[in-house]
Each structure stands twice: as C-alpha cells, then as structure tokens.
Amino acid sequence: MEQYMTPQEMKEIEEILESKKDQLLRAARQSISEQVNAGDPLPADSIDISTDESLQVTELRLRDREKYLLAKIEKALVRMKTDPEFGYCSECGAEIGFPRLKARPMAELCIDCKEEQERAEKRLPDKRQEEERNSRSFFP
Ligand SMILES: [Zn+2]
C-alpha cells in the first residue's frame with residue numbers, strides 16, 4: 113500500500129512517539145529515584161540508565177498501564193518503519209489520516225471504526241460482542 117503521508121509528516125509522528133516514550137521512561141525513572149532516595153529525590157537527569165540492564169529494570173518498574181502504553185508506542189514505531197500499512201485502519205483499510213495520527217499516533221483504527229468499536233463495547237460484554245459480529249456477517 114502506498115504511504116499517503118509525506119516523509120515530513122511521518123517524521124513528525126515518529127517524533128511524537130519518541131517523546132511520549134521518553135516521558136514514560138522518565139516518569140518511571142523518577143519513581144525509582146524516589147524509592148531509592150526516599151525524602152531526597154535526585155533530579156531525573158542525574159540518574160544514568162544508559163545501559164541495557166538498567167533500562168530493563170526501568171521497564172520492569174513501569175506500572176501496568178504505562179507498560180501497555182509503552183508496548184503500543186514501540187509497536188507503532190516498528191510498524192511505521194516496517195509495515196507499509198501503517199497509517200491505514202486495521203479494520204476497514206481506510207486512511208487514518210495525518211491529523212488523527214498526530215493527535216493519537218498509536219491509533220490503529222480510523223475514527224469511524226473506533227467510534228463503532230466504542231459503541232459496541234458499551235452495548236455488549238466482550239463475548240456477546242464477538243458473537244454478534246459473527247452472526248451479523250452471516251446474516252446481514
Ligand atoms: Zn476503519
């Protein structure tokens with residue numbers, strides 16, 4: 113599939129992803145420094161986590177929600193370099209669009225599919241939702 117975004121736009125999205133990742137890791141480092149130096153936290157900049165080992169420790173200490181976000185960010189970063197379908201909706205194949213990706217660079221669905229998904233999630237619990245989708249495609 114052809115990329116509809118310009119290299120400049122792709123670069124912007126990559127930078128947004130990188131800075132989100134940086135924020136997450138920095139927040140994790142901050143909480144480690146608070147644990148290690150209770151009552152006397154060091155500025156985040158003075159803590160060196162440049163080695164792989166300490167980065168792993170940092171990641172281990174991330175809370176679940178942060179881990180989930182970080183995984184999404186990493187996935188998006190890899191996809192934008194390797195997957196020609198990056199930027200296209202994984203549900204319907206439509207262009208997600210630069211403005212939406214700029215606001216939500218980890219988005220995998222276009223706004224229509226996302227809204228549909230949210231409506232479905234509110235309407236039905238997970239299992240029913242799946243059944244409903246299957247039966248709908250068999251009996252439209
Ligand atoms: Zn879609």
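Under the numbering used here, the letters of the sequence shown match residues 113 to 252, in that order. Cβ atoms here follow ideal geometry from the backbone N, Cα and C, with glycine treated the same way. A quick note: this is a predicted structure, and the numbers were derived from the prediction, not measured.
- Task: Return the CA-CA distance between glutamine 120 and arginine 177, expressed in angstroms with no decimal places.
- Result: Counting from 1 along the sequence shown, the entry for residue 120 is found at position 8. Counting from 1 along the sequence shown, the entry for residue 177 is found at position 65. Answer to the nearest angstrom: the Cα atoms are 30 Å apart.
- Span of the alpha helix (DSSP H), counted from its first residue to its last, around phenylalanine 256: Since the first and last residues shown for the chain are 113 and 252, residue 256 lies out of range.
- If we call anything under 8 Å between Cβ atoms a contact, is methionine 122 one with methionine 218? One-based indexing of the sequence shown puts residue 122 at position 10. One-based indexing of the sequence shown puts residue 218 at position 106. A distance of 8 Å or more separates the beta carbons of methionine 122 and methionine 218.
- threonine 118: first and last residue of the uninterrupted alpha helix (DSSP H) it sits in: If you number the sequence shown from 1, residue 118 lands on position 6. Taken as a continuous stretch (DSSP letters only), threonine 118 belongs to no alpha helix (DSSP H), as it is neither H nor E.
- Item | Within 6 Å of ligand 1: residues by beta-carbon to any heavy atom | These are the residues, in chain order, with a beta carbon less than 6 Å from any non-hydrogen atom of ligand 1: Cys201, Glu203, Cys204, Ala206, Leu221, Cys222, Asp224 and Cys225.
- Beta-carbon proximity of glutamate 126 to leucine 189, cut-off 8 Å: Numbered from 1 along the sequence shown, position 14 holds the residue referred to as residue 126. Numbered from 1 along the sequence shown, position 77 holds the residue referred to as residue 189. It is a contact, given that the beta carbons lie within the stated cut-off.
- Query: Going along the chain, which residues of its own chain have a beta-carbon closer than 7 Å to the beta-carbon of phenylalanine 198, five neighbours each way excluded?
  - Reply: On the sequence shown, position 86 is the one that residue 198 refers to. Arg191 and Met192.
- Query: In chain order, what residues of the same chain lie with their CB nearer than 6 Å to the CB of serine 202, ignoring the 5 residues before and after it?
  - Reply: Counting from one through the sequence shown, the residue named residue 202 turns up at place 90. Close CB contacts of serine 202 within its chain, under the 6 Å cut and outside five residues either way in sequence, are with Glu220 (chain order).
- Look at the alpha carbon of cysteine 225 and the alpha carbon of methionine 117, and state the distance between them as a whole number of angstroms. Here residue 225 corresponds to residue number 113 of the sequence shown, with the count starting at 1. Here residue 117 corresponds to residue number 5 of the sequence shown, with the count starting at 1. Using only the alpha carbons, I get a separation of about 20 Å.
- Whole angstroms is fine: what's the gap from serine 143's alpha carbon to glutamine 135's? The residue given as residue 143 occupies position 31 in the sequence shown. The residue given as residue 135 occupies position 23 in the sequence shown. Looking at the two C-alpha atoms, the distance is approximately 12 Å.
- Message: Please classify phenylalanine 251 as buried or exposed, where buried requires at least 16 neighbouring CB atoms within 10 angstroms.
- Response: The count along the sequence shown starts at 1 and reaches residue 251 at position 139. Any reading at phenylalanine 251 must be qualified, since the residue scores a pLDDT of 48, below 50, and its modelled position is unreliable; no value is offered.
- Message: Restricting to Cα atoms, I'd like to know which of Ile185, Ala215 and Ile223 is closest to tyrosine 69.
- Response: Residue 69 is absent from the model: the chain starts at 113 and stops at 252.
- Alpha carbon to alpha carbon, what distance is there between isoleucine 185 and alanine 139? Position 27 of the sequence shown, counted from the first residue, corresponds to residue 139. Position 73 of the sequence shown, counted from the first residue, corresponds to residue 185. Taken atom to atom, the span from the alpha-carbon of alanine 139 to that of isoleucine 185 is near 15 Å.
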